[in-house]
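Heads up: the structure comes next, in C-alpha cells.
Number of protein chains: 2
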Amino acid sequence: MRPVSIAGTFQLPVKKCHPQSVRALGAEVVKGVMAAAGREEVDAVYLGNMLSDELQSQKHLASLVADEAGLAGVEALQVRAATASGAAALRMGYLAVASGAAESVIVAGVEKMSDQSPVLALAKALDAEQEVPDGATMLSQNARLMALYGERYGVAPEAFAGFALNAHRNARHNPHALFQEKVVTREMVLNSRLIVPPLRLYDCSPICDGAAAVLLVPAAGGEHPSGPRVRILASAVATDRFRMRDRSDPLQLAAAGRSAQKAMAQAGLTPAAIDFFEVHDAFSIMACLQLEAAGFARPGEGWRLASEGAIRREGAIPIATMGGLKARGHPIGATAVYQACEIVAQLTGTAGANQLPGPTSALQQSVGGGGATIITHIFGLW
Amino acid sequence: MRPVSIAGTFQLPVKKCHPQSVRALGAEVVKGVMAAAGREEVDAVYLGNMLSDELQSQKHLASLVADEAGLAGVEALQVRAATASGAAALRMGYLAVASGAAESVIVAGVEKMSDQSPVLALAKALDAEQEVPDGATMLSQNARLMALYGERYGVAPEAFAGFALNAHRNARHNPHALFQEKVVTREMVLNSRLIVPPLRLYDCSPICDGAAAVLLVPAAGGEHPSGPRVRILASAVATDRFRMRDRSDPLQLAAAGRSAQKAMAQAGLTPAAIDFFEVHDAFSIMACLQLEAAGFARPGEGWRLASEGAIRREGAIPIATMGGLKARGHPIGATAVYQACEIVAQLTGTAGANQLPGPTSALQQSVGGGGATIITHIFGLW
Chain A
134 MRPVSIAGTF QLPVKKCHPQ SVRALGAEVV KGVMAAAGRE EVDAVYLGNM
184 LSDELQSQKH LASLVADEAG LAGVEALQVR AATASGAAAL RMGYLAVASG
234 AAESVIVAGV EKMSDQSPVL ALAKALDAEQ EVPDGATMLS QNARLMALYG
284 ERYGVAPEAF AGFALNAHRN ARHNPHALFQ EKVVTREMVL NSRLIVPPLR
334 LYDCSPICDG AAAVLLVPAA GGEHPSGPRV RILASAVATD RFRMRDRSDP
384 LQLAAAGRSA QKAMAQAGLT PAAIDFFEVH DAFSIMACLQ LEAAGFARPG
434 EGWRLASEGA IRREGAIPIA TMGGLKARGH PIGATAVYQA CEIVAQLTGT
484 AGANQLPGPT SALQQSVGGG GATIITHIFG LW
Chain B
134 MRPVSIAGTF QLPVKKCHPQ SVRALGAEVV KGVMAAAGRE EVDAVYLGNM
184 LSDELQSQKH LASLVADEAG LAGVEALQVR AATASGAAAL RMGYLAVASG
234 AAESVIVAGV EKMSDQSPVL ALAKALDAEQ EVPDGATMLS QNARLMALYG
284 ERYGVAPEAF AGFALNAHRN ARHNPHALFQ EKVVTREMVL NSRLIVPPLR
334 LYDCSPICDG AAAVLLVPAA GGEHPSGPRV RILASAVATD RFRMRDRSDP
384 LQLAAAGRSA QKAMAQAGLT PAAIDFFEVH DAFSIMACLQ LEAAGFARPG
434 EGWRLASEGA IRREGAIPIA TMGGLKARGH PIGATAVYQA CEIVAQLTGT
484 AGANQLPGPT SALQQSVGGG GATIITHIFG LW
C-alpha cells in the first residue's frame, strides 16, 4: 500500500443553522479544500453524510455535491456507517489513494440537521425491528450505558463533568466551533437539564449544521520537506453485535478496542506513543468508554482521566482538543472530517491558542450507532 | 495495485415479494457466498442498498447484516450512488483488496422493495429542489430521454421492443430471474400499458426483492489453475451534470462513456475485445444509450443492435444474458452484484442454457439516477 498524505483541509464554522442548503455547504468545502491545496482537479470525491435521505429528500448526494462544486465528471460516491459516516468516507479515500487507483481524493463530510428534526432519522442507526419499537433512541441507549457504568463502578453522573468542561474550554479558541462564545462552568454542567436520566444536557453533543473536507494524495517517497507532512498511518473498521443487549459487556465497547488495536498494529504504535485522541464524544459516557477501550485507562477508570485533568491540553492524553463533538459540534456525517482537519492543525503547529506542544501522532475514532460500527484512524507526522 | 479475483458468488431468486426481512436476505447471501467459497472468515463486508432508510427505517444496514450473518466484529460499511449502489459497493471491495488492506471481502447487495411503495424514495436519486418539485421521477426522466431520442433520430417507440424480448428470452433459463416463467411476445411488448408516454410497461424493469453477494480475494500470481479464474480487470466511476436539463446532450450519457473509457484503459481493452455487456436496462432507452456511450453503436443506432439481434446471445454484443434488469429483475442495491454473479457464471462456463460460447471478458455498468453517476467494471478470465 502507498502511504497517504493530507494535502489540504477546509472547515466551515459549525452553526446551529446555516443559511445554505446541504448541497451548497458540501460544494463550499469541496471548493475550499481545492483552493487550500492549490489544486484545480481531483480524481474523486467521497462524501460522508447520514441524514440527507430524510432531511433533504436526497439519496444521491455525492454526485450532486460534485456537480455543485463544478466537478461534474469526477468520481463521486457516498460511504456510510450511520453516525460514523464521515470516517467511513475517510476510509474509502484512504483505500483509493493507498491502492494507487487515485492520485487525489477529496473526503468531504456535510450534515444539515436544522431543516427538520433529525431525532427519528438518527434512531435509524439502531435496530428498527428490535430496539426502536421498545423506545430506543441514541439518547436512551447512551443513558443506559451511563447508568450501567455508574451501577457497576459506583461512579456518580457528576464524575463525567470534566468531559464537557474540557470540550467547552477548548472550543473557546476554535473559530469553527459552535460554542465558541460560551463560557461553561462546572455548576452549569451539573445543574443542566436532565434529558434521559442520568444524561444531562451537557453530557450530549448538539444538533447542528456543518461541513468540512480534506484532500488526500500519495505521500512522496524520500525527503520532501515542501510536501504535505501529515500522513494517515492507519485505517481500521470493526463492528460489534448490532443490538446493545446482545453484547456480553456493552461497556467494553468491543468495536472500539478491536478497531484501535488493528489501527495501532498497522501504525506500529502503542497507546503510549499516541499524543492526543480525538474521541467521538457525542455523549460523555462514549468518550469515557473509548478511552478505556483504546487502552488509555482501565475499565471503570476512564472518567478519572477527565476528573484528574489528563484529557486537558496539558494532560497525558488530550482529547477534544478543538472542542470535540460536545462543543465544536457534531454535524454527524461531517464530524470525523472536522476531526481530521483539527488533527492536521495540531500536527502542523497551526492550532492557535489550542496548540499542543509538538505532537507527532493522533488517534481518531468515530462511533456508528451505539457502538455497532467503530472506525479508527491514526495520523502522524513524517 | 494487486489484481483482484472473485472467489465465490451467491444469488437468491429475485421475487416480487420475499417473505424474509431485508436484514435476513442480506445475511443469507453473506453466509451463502462464504459457503460457496469455502470460507469461514472474511475481513470485510461492503453493502449495496438504496432504500432501507425509508422502506425499513434502517440507516446502519451493513453492520446489522454482518451481525445477522454471524460476523459481528468484521469491518462493515455501506457504499452508495443511488440506483448504482451495488456497483459502488463493488468498487470499494475492489479497492480494499487491490490496496492490500483486505485479503477477503464480501460485496453484498440487498433490496426489499415490497415492504412499501418505493416510488418516492426512488425519486430521491434526482434533484429534490430542482427536478422533483417539477414532477420528475425516474419514470418521467427516462420517458423524456426516450422521447428525445425518438424526436432526434426519427425512431419510433416500437424500435425498442427488442430489448425487452431479449431480456425475457434470457430470463427463461435463469433460475434466479423474477420472470422465469413468463413467455413474452412482441405483441405483448407493443401493446403493454403506457406508463409515462412513450414508456410502456415492457420498457421498464420491475419493482422486486433480491440479494446477491460475491467474495473478492487477491489474485494469485503465476499459474494457479485451481484458484478463482475470474478477475476484476477494471473499476471506474464517473459523474455527469446532476440535473438532466443541465447536460449539453442528455442522450450522450456522458458518465457512461467516461467511466467505460477509464475502465477500458485500465484493462487495456477496446469495445471490440468485450464479449458481452451486462447493461443497466432499468429502462430500454438506458440500454440503448449505454450501448452507444460505451462504443458499441454510433449515436442514434443503439436500438438497431436490438432490432437486428446483435444483443442476443448469438449476436455480436450480447446483453442482459441472464435476463437483465428487465426480466431477472432490478432489486436496486443488489442489481450490480447479480450482474457480477452472472458474469462469473458466463466466464466460467456455468451459465447453463444461456451459456455464451467461451467468453473471456465482460463489461458491466450501473446507472445512478438518470445518469448522474455511472459505474463501470470489466471482468475477465486469466
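Chains A and B, in that order, give the protein sequences. Residues 134 to 515 in our numbering are what the first sequence spells out, letter by letter. Residues 134 to 515 in our numbering are what the second sequence spells out, letter by letter. Glycine is no exception: its CB is placed at the ideal position from the N, C-alpha and C atoms. Only a predicted model underlies this, so the values are computations on that prediction, with no experimental measurement involved.
In the DSSP assignment, A/ALA371 falls within the unbroken beta strand (DSSP E) covering 363 to 372. Residue pairing from DSSP places A/VAL238 in a beta bridge opposite A/ALA177, A/LEU349. The region 418 to 487 of chain A is shown to contain whole alpha helix (DSSP H) runs of 4 or more residues at 435 to 440, 465 to 480, in chain order.
Counted as a single uninterrupted DSSP element, the beta strand (DSSP E) harbouring B/HIS510 occupies residues 506 to 514. For chain A, none of the residues of the region 452 to 477 of chain B brings a beta carbon within less than 8 Å of one of its beta carbons. Taking the Cβ atoms as the reference, A/GLU244 lies roughly 5 Å from A/ALA467, within the contact range of under 8 Å.
From the beta-carbon of A/GLU264, no residue of chain B is found nearer than 8 Å; the closest lies around 10 Å away. For A/GLN472, the number of other beta carbons within 10 angstroms of its own is at least 16, and it is reported as buried. Taking a cut-off of 8 Å for Cβ pairs, the region 288 to 296 of chain A and the region 304 to 315 of chain A do not touch, as fewer than three such pairs fall below it. Around the beta carbon of A/SER196, 16 or more other beta carbons lie within 10 angstroms, which makes this residue buried.
In terms of Cβ geometry, A/GLN498 and A/ALA345 do not form a close pair [threshold 9 Å]. The beta carbon of A/ASP248 lies closer than 7 Å to those of LEU188, GLN189 in the same chain, with the five residues before and after it left out. Excluding sequence positions up to five before and after B/VAL317, its CB lies within less than 6 Å of the CB of HIS301, all in the same chain and listed in chain order.
In the DSSP annotation of this structure, the continuous segment of the alpha helix (DSSP H) that includes A/ARG156 starts and ends at 155 to 170.
Each residue's CA atom was taken as its position, placing B/LEU223 and A/ALA426 some 32 Å apart. For secondary structure counted as the alpha helix (DSSP H) over 4 or more consecutive residues, the region 257 to 322 of chain A holds these complete runs in sequence order: 271 to 286, 294 to 304. Contact of A/GLN211 with chain B is assigned, a C-beta pair being separated by under 9 Å.
The beta-carbon separation of B/GLN313 and B/PHE409, rounded to 20 Å, does not stay under the 8 Å limit for a contact. Here the alpha carbons of A/ILE508 and B/SER154 stand approximately 27 Å from one another. B/ALA214 sits close to B/GLY501, with the two beta carbons spaced by under 9 Å. Taking C-beta atoms under 8 Å as the contact rule, B/GLY159 and B/VAL198 qualify, at a distance of about 4 Å.
Between B/ALA280 and chain A, the shortest Cβ-Cβ separation is not below 9 Å. For A/THR318, no CB of chain B lies under 9 Å from its own CB, so it is not counted at the interface with that chain.
A/GLY390 is not a Cβ neighbour of A/GLY343, given a cutoff of 9 Å. Proximity to A/PRO383 across A/ARG285, A/THR270, A/GLY171 peaks at A/ARG285, based on C-alpha coordinates. By the neighbour-count criterion, in which a residue is buried when 16 or more other Cβ atoms sit within 10 angstroms of its Cβ, A/LEU386 is buried.
Below 8 Å, too few C-beta pairs join the region 478 to 497 of chain B and the region 263 to 270 of chain B to call them touching: fewer than three. Between B/THR483 and B/ALA254, the alpha-carbon positions lie close to 36 Å from each other. Residue pairing for B/ASP342: DSSP places it in a beta bridge opposite B/LYS148, B/LYS245. Not a single CB atom of chain A sits nearer than 9 Å to the CB of B/LYS315. At least one CB atom of chain A sits nearer than 9 Å to the CB of B/SER232.
The beta carbons of B/VAL363 and B/ILE476 sit closer together than 9 Å. Rounded to the nearest angstrom, the gap between the Cα atoms of A/ASP373 and B/PRO492 is 42 Å.
By the rule that beta-carbons nearer than 9 Å mark a contact, A/HIS413 does not touch chain B.
Cβ neighbours of A/VAL350 within its own chain (closer than 6 Å, five residues either side excluded): SER138, ALA140, SER237. For B/GLY501, the enclosing beta strand (DSSP E) begins and ends at 494 to 501.
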